[in-house]
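Q: Going by the working numbering, 274 is the number at position 194 of the sequence shown; the sequence numbering is gapless. Glycine included, each C-beta is placed from N, C-alpha and C at the ideal position.
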Amino acid sequence: MYRTLKAILTVLVVLGLSAAPLCAAKLEPTPDKPVTLRLGYSDNPTWPDTAKIPEPEHAFAIVFKSYVETASNGAIKVQLFPSSQLGGSKEATEMTKTGTLDLCIETGNMGPFFPEFQVINLPYVFASDDIAWWIFDNSQFWKDLMAQMEKKANLVYLGMGQNGVRNFTNNIRPIHEPKDMEGIKFRVMQSPVFVKTVEALGAKAIPIAWPEVYTSLQTGVIDGQENPISVIAYVGKLYEVQKYLTLDAHTWSENMLIMNADKFNSFPENYQHILKIAGIHGARADRAAEAFMSRVMGLGLLQEKMEVYAPTVEQIKLFQEKAQPPVIEWLKGEVGAEVVDQFLASVKEAEAALGY
Numbered sequence: 081m082y083r084t085l086k087a088i089l090t091v092l093v094v095l096g097l098s099a100a101p102l103c104a105a106k107l108e109p110t111p112d113k114p115v116t117l118r119l120g121y122s123d124n125p126t127w128p129d130t131a132k133i134p135e136p137e138h139a140f141a142i143v144f145k146s147y148v149e150t151a152s153n154g155a156i157k158v159q160l161f162p163s164s165q166l167g168g169s170k171e172a173t174e175m176t177k178t179g180t181l182d183l184c185i186e187t188g189n190m191g192p193f194f195p196e197f198q199v200i201n202l203p204y205v206f207a208s209d210d211i212a213w214w215i216f217d218n219s220q221f222w223k224d225l226m227a228q229m230e231k232k233a234n235l236v237y238l239g240m241g242q243n244g245v246r247n248f249t250n251n252i253r254p255i256h257e258p259k260d261m262e263g264i265k266f267r268v269m270q271s272p273v274f275v276k277t278v279e280a281l282g283a284k285a286i287p288i289a290w291p292e293v294y295t296s297l298q299t300g301v302i303d304g305q306e307n308p309i310s311v312i313a314y315v316g317k318l319y320e321v322q323k324y325l326t327l328d329a330h331t332w333s334e335n336m337l338i339m340n341a342d343k344f345n346s347f348p349e350n351y352q353h354i355l356k357i358a359g360i361h362g363a364r365a366d367r368a369a370e371a372f373m374s375r376v377m378g379l380g381l382l383q384e385k386m387e388v389y390a391p392t393v394e395q396i397k398l399f400q401e402k403a404q405p406p407v408i409e410w411l412k413g414e415v416g417a418e419v420v421d422q423f424l425a426s427v428k429e430a431e432a433a434l435g436y
């Protein structure tokens, strides 16, 4: 049923909502003849009706929409498609790449589209969120990587929010050290680096699209999964079908706003500038919403509903020593040692700049 509905919605987007050709002459939107951009994402639009704050991707989307429409005096409208209406993150990314969808907020699925992107998902590589943010906001490495993504994947980077740091949950046993992972079946996102990370820790990785995760846990198709606290607590309510949570923060996870490059480049420079600035503001809203949902609201809820364990510094080092080297070597084989080494150097640069 879900796949059928998703297919119908996709056809509606193609036939009913695609008003402007992607590779035509420059668009000249005006308040009298506005251009509508379609933005898809996975989080739910529960705020302000049924939630205290917006879910992170929804915060990203509503701030982006508000800024674009206001700064363009209504010449550009943004139509939102939350709750995976047009498919999960992977499907939305594919639609954005091909131009069926104008924009999406992508999470953990860039590997098949632009393999070099997976460097940011290396396990236990960021000691803190602000190190990741410094790279995205300040480093030449990131600017160069995003320029490559536009050329190779036909996707323009508009802003980096945060899906959170990912933690393991399961129904089999508490996980304190890597040896506790053995034999457990974990759902992972549909990107190779996540599969390799879980396998390096001795568990079994099963890629499953996000809309199917709750049912898969409920029916025992999988034993566990890995997600940020905000997703476990509020977006997915996974505490209803999971017993144990380990706060190991193994992977930093992105909410990245991307736009079809042909559509972006069809706009005059003044409107391109508006889209870029809107992406910056939206990303900041996403980061703030995720931090509040995870570090304040979500953690308190999960401590009531689940058995929560925070590994010690020594135990985290065991996880890092087991997972990081094989995943780094694998990724070098996939994308080349140069981009991986440049990324690791940018991490050191960020740590130095921030005083770590």
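(1) Between the region 377 to 390 and the region 317 to 327, are three or more C-beta pairs nearer than 8 Å?
(2) Report the CB separation of Y204 from Q352 in whole angstroms; it is logged as a contact under 8 Å.
(3) In three-state DSSP terms, what is N124?
(4) Taking only the alpha-carbon atoms, compute the straight-line gap between G244 and I215 and give it to the nearest angstrom.
(5) Name the DSSP bridge partner or partners of Y319?
(6) I think V181 touches L166, with their Cβ atoms under 8 Å apart; what is that distance to the nearest whole Å?
(7) Short of 7 Å in beta carbon distance, which residues of its chain neighbour V420, apart from the five on each side in sequence? Order them along the chain.
(8) Is the separation between the beta-carbon of N189 and that of S271 shorter than 8 Å?
(9) Helix, strand or coil, according to DSSP, for V268 in the structure here?
(10) Compare the C-alpha of I302 against each of N250, Y147, E186 and L117 and name the closest.
(11) With a threshold of 7 Å on Cβ separation, who are the neighbours of V321 within its own chain once the five nearest residues in sequence on each side are excluded?
(12) Looking at C-beta atoms only, is the number of pairs between the region 343 to 361 and the region 255 to 266 that lie closer than 8 Å three or more?
(13) Kindly list the residues whose CB is nearer than 6 Å to the CB of A430, restricted to its own chain and excluding five residues on each side of it in sequence; keep chain order.
(14) Let me confirm a value: Y436 is counted as buried when at least 16 other C-beta atoms fall within 10 Å, else exposed. Which label applies?
(15) Determine the contact status of Q242 and E186, defining contact as a CB-CB distance below 8 Å.
(16) Using a threshold of 8 Å, state whether the C-beta atoms of S122 and W290 are closer than that.
(17) Per DSSP, what kind of secondary structure is D328 in: helix, strand or coil?
(18) Using 8 Å for Cβ pairs, my map puts L225 next to E196. What's the rounded Cβ distance?
(19) Please report the straight-line C-alpha distance between G168 and I360, rounded to a whole angstrom.
(20) Just to confirm the assignment, what range does the alpha helix (DSSP H) spanning T173 have?
(21) Suppose the cutoff is 8 Å on Cβ atoms and the five residues either side in sequence are ignored; what does the same chain contact list for Q516 look like?
A: Straight from the coordinates:
(1) yes
(2) The pair is not a contact, with the Cβ atoms about 37 Å apart (cut-off 8 Å).
(3) coil
(4) 16 Å
(5) According to DSSP, Y319 bridges with nothing at all.
(6) First, the residue type needs correcting, since residue 181 is Leu and not Val in the sequence shown. Contact flag correct, Cβ pair sits at about 6 Å.
(7) V199, I408, L411 and K412
(8) yes
(9) strand
(10) Nearest of N250, Y147, E186 and L117 to I302, Cα basis: N250.
(11) Y294, L297 and Q298
(12) When C-beta atoms of the region 343 to 361 are compared with those of the region 255 to 266, fewer than three pairs fall below 8 Å, so the two segments do not count as touching.
(13) I211, W214 and I215
(14) exposed
(15) Contact flag unset, no.
(16) Going by C-beta atoms, S122 is nearer than 8 Å to W290.
(17) strand
(18) Indeed they touch by this definition, with Cβ atoms about 6 Å apart.
(19) Taking the straight line from one Cα to the other gives about 23 Å.
(20) S169 to T178
(21) The requested residue 516 does not occur in the structure, where the chain is confined to residues 81 to 436.
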